[in-house]
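Quick note: the sequence shown uses full-length UniProt numbering, first residue 1, plus one each step. In this text, a Cβ means the ideal position worked out from N, Cα and C, and glycines have one as well. Quantities reported herein were computed from a predicted structural model and do not represent experimental measurements. Reading through the structure tokens given below for one structure.
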Amino acid sequence: MDEQSTPAQYHQDRAVRYRIFDSIFMDVPMARVRFNVNTEYAYLQNFKVLQNVFARHEIERPVLVEQLLKCRMQDNLEFLQWAKRFWDQHYPGGEYDALGRRKGSGAPPATQPRAGAASAGSARRSGSTPTTGAARTRVATGTGSASVSVLNQEIATQREAIAGLEKERDFYFHKLREIELLLQQEVEEDPQLVAGDNPFVKRIQDILYSTEEGFEIPPEADVPAAGDELETF
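Quick look at the structure:
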């Protein structure tokens, strides 16, 4: 492998996504993929390349550009996991010249479909998973193996980050729940707190109960009880 990718680099330019599918089909226009981009316009141009590849090979999974552009970990994690499964099923093996393909050279698309590409197409049409001997025994070499290694590292990093965010979410949710219960108790004892010219309590209630698009209340089973040990953030 002439170009090494790390999880950080992958998160920045997402180039490994295109290499994954190019290593299978060998017809992704890698020379048009912009590496190390940092603008939304450039990301959109790259995603158009990926969408065209999916359409050409009748890959039914949609490329949810808006969600992926937002860099939400759950969306990217799901896409990474799916991409790895797809590569495991359809990669035909052999060497892959990442540098040559990026420069517009390297192994050109073959006249006849490669084994992995043909298997992928037939599997999509039949709705089944390839079970050929080549699919079961293919050897992952070259950039294909390195790309999957990067995917595995990125998936592990995303999972760890999500677990940390969920723990922090539950911590603050529990604190807000305590405030809510305390406020309810005070209002029950003195209803005038939410009446008349004292908008303070009403304002607190408005803040507690306001939501944003996509907000989900954690299941009760996932929220720590009042007596549980909670880490201070």
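*Which word fits GLU231, buried or exposed, when buried means at least 16 other C-beta atoms lie within 10 angstroms of its C-beta?*
Summary for GLU231: the model assigns pLDDT 45, below 50, so the residue's position carries little reliability; its value from the coordinates is reported in the next sentence. That one is exposed.
*Every unbroken alpha helix (DSSP H) within the segment 24-101, with a cutoff of 4 residues, ordered by chain*: Fully enclosed alpha helix (DSSP H) runs of 4 or longer: 40-56, 65-69, 73-90.
*Coil, strand or helix - LYS103 by DSSP*: Here LYS103 sits in coil by DSSP.
*So, helix, strand or coil for THR211, using DSSP?*
Residue state, collapsed to three classes: coil.
_Whether or not the segment 16-25 and the segment 87-103 are in contact is what I'm after, with contact meaning three or more pairs of Cβ atoms, one per stretch, closer than 8 Å; do they touch?_
Touching, per the Cβ criterion.
*Is DSSP giving PRO191 helix, strand or coil here?*
Helix, per DSSP.
*Taking contact to mean at least 3 C-beta pairs separated by less than 8 Å, is the segment 86-95 in contact with the segment 166-176?*
The segment 86-95 is not in contact with the segment 166-176.
*Could you check what DSSP says for ALA140 in three-state terms: helix, strand or coil?*
For ALA140, the pLDDT reaches just 41, beneath the cut-off of 50, and the residue's location in the model is therefore unreliable, although a value from the coordinates is still provided. Assignment of ALA140 by DSSP, reduced to helix, strand and coil, places it in the coil class.
_Backbone CA spacing between ARG177 and PRO191 [nearest angstrom]_ = Take the alpha-carbon of ARG177 and the one of PRO191: they are about 20 Å apart.
*Taking all protein chains shown into account, decide if GLU66 is buried (16 or more other Cβ within 10 angstroms of its Cβ) or exposed.*
Label assigned to GLU66: exposed.
_Quick check on ASN36: buried or exposed, where buried means 16 or more other Cβ atoms within 10 Å of its Cβ?_
Counting Cβ neighbours within 10 Å, ASN36 comes out exposed, since fewer than 16 surround it.
*Cα separation between MET26 and ALA83?*
The straight-line gap from Cα to Cα measures roughly 16 Å.
*Considering only residues of the same chain and omitting the five flanking positions on each side of LEU183, which have a CB-CB separation below 8 Å?*
Cβ within range, chain order: VAL201, ILE204, GLN205, LEU208.
*Rank TRP87, ALA15, LEU50 by C-alpha distance to the C-alpha of VAL148 and give the top, closest one.*
Closest by C-alpha distance to VAL148, out of TRP87, ALA15, LEU50, is TRP87.
*Leaving aside the five residues before and after VAL187 along the sequence, list all residues of the same chain whose C-beta is less than 8 Å from its C-beta, in chain order.*
Excluding sequence neighbours, VAL187 sits near LEU193, VAL194, VAL201.
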